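Just below is one structure, and these are the notes that go with it.
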Amino acid sequence: MQFRQAVQNGAGVMNFLVDENIPLAHEAFNVQGRVTVFSGRQPSIQDLAETEVLLVRSVTQVNQQLLQQASKLKFVGTATIGTEHVDMEALQQRGIGFASAPGANADSVGEYVLTALLALAEQQSWQLAGRRVAIVGAGNTGIATGKRLSALGMQVGYYDPPLQEQGKQAASYMTWAEVLQADVISLHVPLQNNGRYKTRHLLAHKELAQLGSSQVLINASRGAVINNQALLQRQQEKPLWLILDVWEGEPQILQPLLEKVAIATPHIAGYSLNGKVRATQMLYQACSRYFAWQQAAPDWQKLMPDLRAESWHCDSTLNQQQLAHWALENYPIWRDDRKMRERGVDAQGFDALRKEYPPRYELMSRHLECDRLSDDERERLQQLGFNL
């Protein structure tokens with residue numbers, strides 16, 4: 001379903017078409033021209049006809065068909081890290097500018113994994129400190145996740161052959177064999193359908209068969225990085241501990257798999273309000289450079305809604321239970337899990353959960369008072385993402 005919401009400023013310089021779930025985009029861009037907001041996965045032909053700047057999320061396919069309907073298009077921005085939903089070659093052929101938002105939601109994804117692991121550990125009475133973690137993908141989200149898990153006392157290693165070959169240093173690289181033996185495996189790679197570093201079905205029957213039933217497998221990257229049919233078969237035979245935020249074929253997921261997952265969410269790991277606003281800011285800056293805008297940038301702090309939450313207080317030595325309490329108070333992940341099981345079993349419900357997702361703030365949005373802690377403990381809290 002599409003709807004139109006347009007505001008015309010005095011200048012009327014440019015026509016913007018913006019996904020309704022890109023926060024503050026209307027407030028930021030309407031000083032540059034006419035902003036139309038669209039809902040659903042694909043914008044209407046009517047809206048595309050006059051569009052000069054198109055701002056989308058990963059659910060919108062910017063392909064040949066869309067571009068043929070947007071003859072006036074000059075610039076495309078996606079408020080995401082991944083760009084597999086954009087036909088880059090087609091944009092280049094038409095001379096259309098492009099920008100994405102790498103790293104904008106890295107802290108959001110890192111906090112999602114942190115919270116999910118703490119939630120599962122508290123439920124199962126596990127101690128996470130000392131456990132081995134394999135971070136597959138040492139990009140922005142992988143590093144943000146690894147930093148937080150290391151601060152929990154976990155032993156973190158990274159697997160990223162492309163970056164390793166380029167000489168880019170991570171704290172500790174692992175072999176693929178070591179990845180498959182880790183206590184926790186967390187996936188943070190883009191979806192590559194072919195080539196030397198193909199990631200589609202990176203984990204399939206062969207790889208999943210090598211994992212032990214005590215291992216935790218987390219996917220907050222792209223659903224098809226794991227062969228979901230193979231994963232379902234594995235879960236039916238000898239289940240792993242699964243935390244899945246992304247699903248092969250979404251929004252139409254493999255329904256029987258949902259019942260075999262410890263924590264299930266509808267592709268919202270990167271959905272913190274802070275991360276979304278960072279993406280909007282990055283797209284605004286990219287447009288400003290591309291079109292050489294002269295107006296001053298918006299005051300993002302004033303545009304950002306205030307959390308208005310009370311500060312936390314820490315009067316004792318840090319422990320996993322206390323950290324889990326704060327993390328789950330800030331982000332009640334079991335609420336998302338419950339809603340996913342209630343409504344995410346079909347495509348319409350899955351999309352609705354994402355569209356209607358309530359504002360989620362990162363840990364940095366609340367102040368933590370901890371005067372009695374040591375310098376080492378304070379540094380640890382900062383690595384976890386807390387605002388001291």
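The opening residue of the sequence shown carries number 1 in full-length UniProt numbering; numbering runs sequentially from there. The beta-carbon is built from N, C-alpha and C at its ideal position, and this holds for glycine as well. Just so it is clear, the structure is predicted and the values come from calculations on it, not from any experiment.
C-beta contact flag for Tyr271 and Tyr361 at 8 Å: The sequence position of residue 271 within the sequence shown is 271, counting from 1. The sequence position of residue 361 within the sequence shown is 361, counting from 1. No; because the gap between Cβ atoms is not below 8 Å, this pair is not in contact.
Proximity below 8 Å, CB of Arg57 to CB of Gly110: Counting from one through the sequence shown, the residue named residue 57 turns up at place 57. Counting from one through the sequence shown, the residue named residue 110 turns up at place 110. No, Cβ-Cβ distance for Arg57 and Gly110 is not below 8 Å.
His313, buried or exposed, once every other Cβ within 10 Å from all chains shown has been counted against 16: In the sequence shown, residue 313 corresponds to position 313, counting from 1. Classification for His313: exposed.
Where Tyr197 falls, given that 16 or more other Cβ within 10 Å makes a residue buried: Working through the sequence shown from its first residue, we reach residue 197 at position 197. When all chains shown are included, Tyr197 counts as exposed.
Bridge partners - Val13, DSSP secondary structure assignment: Here residue 13 refers to the residue found at position 13 when the sequence shown is read from its first residue. None; Val13 has no bridge partner.
Proximity test, Cβ basis, 8 Å: Val59 and chain B: No chain B is part of this structure, which consists of one protein chain only.
Asp351 - DSSP class collapsed to helix/strand/coil: Here the question's residue 351 lines up with position 351 in the sequence shown. Helix.
Among Ser39, Ile81, Asn15, the one whose alpha carbon lies nearest that of Glu52: Locating residue 52 in the sequence shown gives position 52, where the first residue counts as 1. Measuring from the Cα of Glu52, the nearest candidate turns out to be Asn15.
Contacting residues, own chain, Cβ-Cβ under 6 Å from Asp376 (five flanking each side not counted): As a working mapping, residue 376 is identified with position 376 in the sequence shown. Counting only Cβ-Cβ distances below 6 Å, and skipping sequence neighbours, we find nothing.
Cα-Cα separation, Leu328 to Leu368: Stepping through the sequence shown from its first residue, residue 328 is reached at position 328. Stepping through the sequence shown from its first residue, residue 368 is reached at position 368. Rounded to whole angstroms, Leu328 to Leu368 spans 15 Å at the Cα level.
Distance CB(Leu55)-CB(Arg94) smaller than 8 Å: Residue mapping note: residue 55 aligns to position 55 of the sequence shown, counting from 1. Residue mapping note: residue 94 aligns to position 94 of the sequence shown, counting from 1. No, they are not a contact pair.
Spatial distance of Lys339 from Ala269 (CA atoms): Position 339 of the sequence shown holds residue 339. Position 269 of the sequence shown holds residue 269. For Lys339 and Ala269, the distance between alpha carbons rounds to 15 Å.
Nearest candidate by alpha-carbon position, reference Asp245, set Ala138, Tyr290, Ile333, Ile81: Counting from one through the sequence shown, the residue named residue 245 turns up at place 245. The shortest C-alpha separation from Asp245 is found at Ile333.
Where Ala28 sits in the DSSP three-state scheme: What you label residue 28 is simply residue 28 of the sequence shown in a count that begins at 1. Correct three-state label for Ala28: helix.
Cβ shell of residue 389 (< 7 Å), same chain only, five flanking positions each side left out: Limits of the chain in this structure are 1 at one end and 388 at the other, which puts residue 389 out of reach.
Unbroken alpha helix (DSSP H) run spanning Tyr290, endpoints: The residue labelled residue 290 in the question sits at position 290 within the sequence shown. Run containing Tyr290: 273-291, per the alpha helix (DSSP H) assignment.
beta-carbon Ala279 near the ligand HEM non-hydrogen atom, thresh 7 Å: As presented, the structure is devoid of all ligands, the ligand HEM included, so that no description of it is given.
7 Å CB neighbourhood of Leu91 in its chain, flanking five on each side removed: Reading the sequence shown from its first residue, position 91 is the one you call residue 91. The answer, listed in chain order, is Val76, Phe98.
One or two residues paired with Ile135 in a DSSP bridge: The residue given as residue 135 occupies position 135 in the sequence shown. Paired residues: Tyr158, Ser186.
Where Asp315 falls, given that 16 or more other Cβ within 10 Å makes a residue buried: Numbered from 1 along the sequence shown, position 315 holds the residue referred to as residue 315. Asp315 is exposed by the Cβ-count criterion.
Where Asn140 falls: helix, strand or coil (DSSP): Within the sequence shown, the letter at position 140 stands for residue 140. Three-state DSSP puts Asn140 in a helix.
Candidates Gln233, Glu310, Met282: closest to Asn387 by CA position: Locating residue 387 in the sequence shown gives position 387, counting from the first residue. Nearest C-alpha to Asn387: Glu310.
Best match in Glu237, Val189, Gln235, Leu180 for proximity to Leu211 [C-alpha to C-alpha]: Locating residue 211 in the sequence shown gives position 211, counting from the first residue. Cα-wise, what sits closest to Leu211 is Leu180.
Beta bridge counterpart(s) of Ile263 as assigned by DSSP: Here residue 263 refers to the residue found at position 263 of the sequence shown. Partner(s): Ile243.
Contact check, Ile263 vs Ala119, beta carbons under 8 Å: Counting from one through the sequence shown, the residue named residue 263 turns up at place 263. Counting from one through the sequence shown, the residue named residue 119 turns up at place 119. Their beta carbons are under 8 Å apart, which means Ile263 touches Ala119 by this criterion.
Residue of Phe350, Thr145, Gln69 minimising C-alpha distance to Leu117: Here residue 117 refers to the residue found at position 117 when the sequence shown is read from its first residue. For the residues Phe350, Thr145, Gln69, the minimum Cα distance to Leu117 belongs to Thr145.
Assigned exposure category for Arg372 - 16 Cβ within 10 Å defines buried: Against the sequence shown, residue 372 aligns to sequence position 372. Its Cβ having fewer than 16 others within 10 Å, Arg372 is exposed.
Three-state secondary structure (DSSP) of Gly212: Your numbering for residue 212 matches position 212 in the sequence shown. Three-state DSSP puts Gly212 in coil, outside helix and strand.
Of the listed residues Pro239, Gly195, Leu114, Gly157, nearest to Glu259 (C-alpha basis): Residue numbering aside, residue 259 sits at position 259 when the sequence shown is read from its first letter. Measuring from the Cα of Glu259, the nearest candidate turns out to be Pro239.
Three-state secondary structure assigned by DSSP to Met1: Position 1 of the sequence shown holds residue 1. Reliability fails at Met1, whose pLDDT of 27 lies under 50, so the model's placement of it is uncertain and no value is given.
N- and C-terminal bounds of the alpha helix (DSSP H) containing Leu114: Residue mapping note: residue 114 aligns to position 114 of the sequence shown, counting from 1. Leu114 -> alpha helix (DSSP H) spans 106-124.
Beta-carbon proximity check, Ser100 vs Thr115, cutoff 8 Å: Taking the first residue of the sequence shown as position 1, residue 100 is located at position 100. Taking the first residue of the sequence shown as position 1, residue 115 is located at position 115. No. Outside cutoff.
Same chain, Cβ closer than 6 Å to Gln187, neighbours up to 5 away in sequence not counted: Mapped onto the sequence shown, residue 187 falls at position 187. With the sequence shown as reference, residue 187 is identified as Leu, and Gln is not the correct amino acid for it. The answer, listed in chain order, is Val136, Asn219, Ser221, Val225.
Candidates Gln124, Gln235, Thr141: closest to Pro190 by CA position: Stepping through the sequence shown from its first residue, residue 190 is reached at position 190. Among Gln124, Gln235, Thr141, the Cα nearest to that of Pro190 is on Thr141.
Bridge partner(s) assigned by DSSP for Asp19: Translated into the one-based positions of the sequence shown, residue 19 becomes position 19. In the DSSP output, where bridge partners are listed per residue, Asp19 has Phe38.
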